[in-house]
Every structure is written in C-alpha cells, then in structure tokens.
Amino acid sequence: MPETRLIAADDQEMDEAIDAAVVLLAEGGIVALPTETVYGLAADAFNPEAVARVFEVKERPAFDPLIVHIASVTDLPAVAEVPDEIDQTVRQLISNFWPGPLTLLLPKTDAVSDLVTSGLPEVAVRQSGNLIFRSIGKKLGRPIAAPSANRFGRISPTSAGAVVKELDGRIPLVVDGGACSDGLESTIVRVEAGPKRPLIHILRAGPVTKDQLQKFGKVVVDKRRAIDRPETPGQLASHYAPRTPLLMFDKPEDFVPEEGKQYGLLSYKGDPKAGYVDRHDWARVECLSPGSGKLPEAAVRLFFTMRLLDEAGLDAIVAEPVSEKALGLAIMDRLRRAAAPRG
Ligand code: AMP
Ligand code: MG
Numbered sequence: 015m016p017e018t019r020l021i022a023a024d025d026q027e028m029d030e031a032i033d034a035a036v037v038l039l040a041e042g043g044i045v046a047l048p049t050e051t052v053y054g055l056a057a058d059a060f061n062p063e064a065v066a067r068v069f070e071v072k073e074r075p076a077f078d079p080l081i082v083h084i085a086s087v088t089d090l091p092a093v094a095e096v097p098d099e100i101d102q103t104v105r106q107l108i109s110n111f112w113p114g115p116l117t118l119l120l121p122k123t124d125a126v127s128d129l130v131t132s133g134l135p136e137v138a139v140r141q142s143g144n145l146i147f148r149s150i151g152k153k154l155g156r157p158i159a160a161p162s163a164n165r166f167g168r169i170s171p172t173s174a175g176a177v178v179k180e181l182d183g184r185i186p187l188v189v190d191g192g193a194c195s196d197g198l199e200s201t202i203v204r205v206e207a208g209p210k211r212p213l214i215h216i217l218r219a220g221p222v223t224k225d226q227l228q229k230f231g232k233v234v235v236d237k238r239r240a241i242d243r244p245e246t247p248g249q250l251a252s253h254y255a256p257r258t259p260l261l262m263f264d265k266p267e268d269f270v271p272e273e274g275k276q277y278g279l280l281s282y283k284g285d286p287k288a289g290y291v292d293r294h295d296w297a298r299v300e301c302l303s304p305g306s307g308k309l310p311e312a313a314v315r316l317f318f319t320m321r322l323l324d325e326a327g328l329d330a331i332v333a334e335p336v337s338e339k340a341l342g343l344a345i346m347d348r349l350r351r352a353a354a355p356r357g
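If you want our numbering, it's the position in the sequence shown, counting the first as 1, plus 14.
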C-alpha cells in the first residue's frame, strides 16, 4: 500500500476531499472519514469485498459487526425493516436524534450482507451528524459501513492525526474534518415493545444519554451485563485500550505504586479532593476537563488524553473514576474496558 494521503476538508479543498473519497469508495476502496463521534473507516456497505477489507485493515475479528451509516432517512428501508410494534418509537427516536450519535439495532434487509452484521439478524444503523460524511454518502448513493478507524481493541481516533497513527500505510486516504465534536462512539439501542411503555435497551452508552432517551420509553441499562456478557459482540471487556496498562481502583487508597515505576494520572478535573492528585508523585498528569469539570468536555477529550498518556513512556496510567451521571456513564464504560484485563 502506498503512503496514506491526508486531505483537509476545509473551504479550499472540501470538494476535492469529498470527490476523492467517493471515487475510492465507488471502486471498492476504504477511506477514513470524520464523524461527530470518532473517525470511521468507511466502505460501501453493499460491497462485501470492500467490507472484508475493513476487517482486514483493522485486524478486527469477523464476529464484531459494523455500523451502517445512511445519508438520508429515506435510505432506511434499503438496509433495515422496522417492525410494526416498535414503529412509532423508532420514528420518534429518528426524528429527535438523527442526524446524530444514536445507533438503532433493527432487523436487516437481504441487501445487507452477513459480513456486515457478523451473521446476526439485526443491522446497526445511524445517520451521522457530520456534513462531510453525509455529503460523501449522498454522492456515493449507497450506505456506508464504518467502524472506528483504529486497530482492533485500541483507542478510537478523534482526529485525523490519530487515524494516521493507527493506520498509516494501510489505507489510501484520510479526510481531515478536524476534531470530532462528541469524541465518544454512538449510543447503541434496541427498542422493544413493553407491557406499558416501549423498552429502550442501551447496549452501548454514548453521547445520547439515558435521560434524553427516557422521554420515549423505559430505558434499560445493564452495565455489568454489557461488560461481562456482551450482547453486542463488539462490546468486549477489553477495548478502547492504550498500549500502556490502565488501572482503575474502587478507592484512591487501593493504589499502591510499585518501586521504580513511572505512573501517569488521568484525572477528571485535577481536583485533589478526588483523592488522587496528591497521593503520588505522578510522572505526568492529564485532566479530562481541567478546572471546571464538565462532562461534555471530558467526553470530547477522553480518547485524546488517553493517547497523550499512552505516548508518554509510562509504566501505567491510573484513571480517576467519574460520576456515572449523564455522559459520565459512557465515559466510565470506556474507562472500564480500557482497564479490563486483556486476553
Ligand atoms: P464501532 O463501529 O467500532 O464503534 O463498533 C460497532 C459496534 O456496534 C460493534 O462492536 C457492536 O458492539 C455494535 N454492533 C454493530 N452491529 C451490530 C449488530 N448487527 N448487532 C449487534 N451489535 C452490533
Ligand atoms: Mg471501535
């Protein structure tokens, strides 16, 4: 594979970037594209060979299915069927959260190959809020399958530079759309008819929060099940992991540094009251939301700061837990997986 080309999708080069991506996708190639969540590694969802290449480049196991992105809601019937009993709720979710970081699991149509869904009967589908991504899908005229543009199990890229670090020389093109505005992978839900209200199962916590979904049904989150017995295959215990071991503790006192080792701290806001900042002479401290402690800022900066610490030559990273309210649920989900034993 020749060098990976990077085109900035700014005012001057926007059309060039879009056209270059469409040409590559139309001929069965794969390209990295910006979305509002994380950068995606895109392929024509209706081209099984292109989809196979995504798995190959990411070194992603075939049992971990891909999300399919549609450019317009009118493209939904081409990829998914909406059962009558959940039709109303699905429509409400779509009109409230699309385009945006909400992925729906729905029965797939025959046009979606088993490769995309890893042989599962449902397809994960969303409409991205990123205009560059949607323009490319619209011009291609086909749905785009796109998982995060990182090597399997590693930290998701939230900038074009991070994609290059993950996949340089493995893909022909990265469209640089700047930093991702949400910085965390989409919320994945399955809707089910309930006895009183519809049930909305959160299978992966993300930028669309439990509180936001509650208006549309009874929201069910089972954190332990999501970690231990993944219902969506990609939700493996160890994921989003830096190369440097990441440690999390129930209480700050449980951290016992080993002699001679260099530790970095991933702090929420750098507040000593959380019990970590003054506990040790850290080789490096990075804060998710310095000073103010705002969860949206912490979410946007999570993978970026994890990457900074991973590149700092430390023996281990200690992550402070954050409150599991609102976006904190998704942040803690990613931190737990990053800290989970690998195997
Ligand atoms: P990524 O695109 O890397 O954010 O990962 C996509 C994740 O969505 C997968 O790892 C699964 O957890 C979930 N997913 C995608 N497609 C399906 C499907 N057909 N059934 C269940 N879960 C899915
Ligand atoms: Mg991923």
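Beta carbons are placed, not taken as given, at the ideal position from N, Cα and C, and that holds for glycine.
As the structure is a prediction and not an experimental result, all values here were calculated from the model.
Cα-Cα separation between residue i and residue j, rounded to whole angstroms
i	j	result
R19	R168	22 Å
D124	E50	29 Å
A330	V299	12 Å
L279	P259	12 Å
K287	P266	11 Å
R362	I158	What the structure shows of the chain is the stretch from 15 to 357, and residue 362 is not part of that stretch, so it cannot be assessed.
D128	E273	51 Å
P91	A85	12 Å
P62	Y254	26 Å
A160	P209	35 Å
L107	D78	25 Å
L328	P355	18 Å
V314	N144	15 Å
V188	V270	42 Å
A31	Q102	38 Å
T172	Q226	24 Å
L181	R165	7 Å
A64	Y290	46 Å
R23	R351	A small fix is needed here, since residue 23 is Ala in this sequence, not Arg. Approximately 32 Å, taken between the alpha carbons.
R148	L309	27 Å
H215	V139	15 Å
V336	T117	24 Å
L119	I146	24 Å
M28	E17	21 Å
Cβ-based burial, residue i [other Cβ within 10 Å; buried from 16]
i	result
G305	exposed
Q141	buried
S200	buried
K275	exposed
D89	buried
K122	buried
S162	buried
K72	buried
L341	buried
G183	exposed
R105	exposed
D58	buried
D190	buried
S109	exposed
CB-CB length for residue i against residue j, believed under 8 Å
i	j	result
L302	Y282	5 Å
W112	V96	Between V96 and W112 the Cβ distance is about 13 Å, and since that is not below 8 Å, they are no contact.
P75	V222	Contact doesn't hold; Cβ gap of about 27 Å is too wide.
V68	I44	6 Å
V93	V137	6 Å
P256	L198	Wrong, their Cβ atoms sit about 16 Å apart, outside the cutoff.
I202	L217	5 Å
CB contact check: residue i to chain C, cutoff 9 Å
i	result
G307	Absence of chain C from the displayed structure is noted, only one protein chain being present.
Contact the segment 191-205 vs the segment 29-49: 3+ CB pairs below 8 Å | yes
Is it a yes or a no for the segment 166-180 touching the segment 307-324, going by three-plus beta-carbon pairs under 8 Å?
-> Judged by Cβ distances under 8 Å, the segment 166-180 makes contact with the segment 307-324, as three or more pairs qualify.
Answer yes if the segment 327-344 comes into contact with the segment 278-296, meaning at least three C-beta pairs across the two stretches below 8 Å, and no otherwise.
-> yes
Cβ contact check for the segment 226-237 and the segment 125-136: 3 or more pairs under 8 Å | no
Counting pairs of Cβ atoms below 8 Å between the segment 148-157 and the segment 31-48, do you hit three or more?
-> yes
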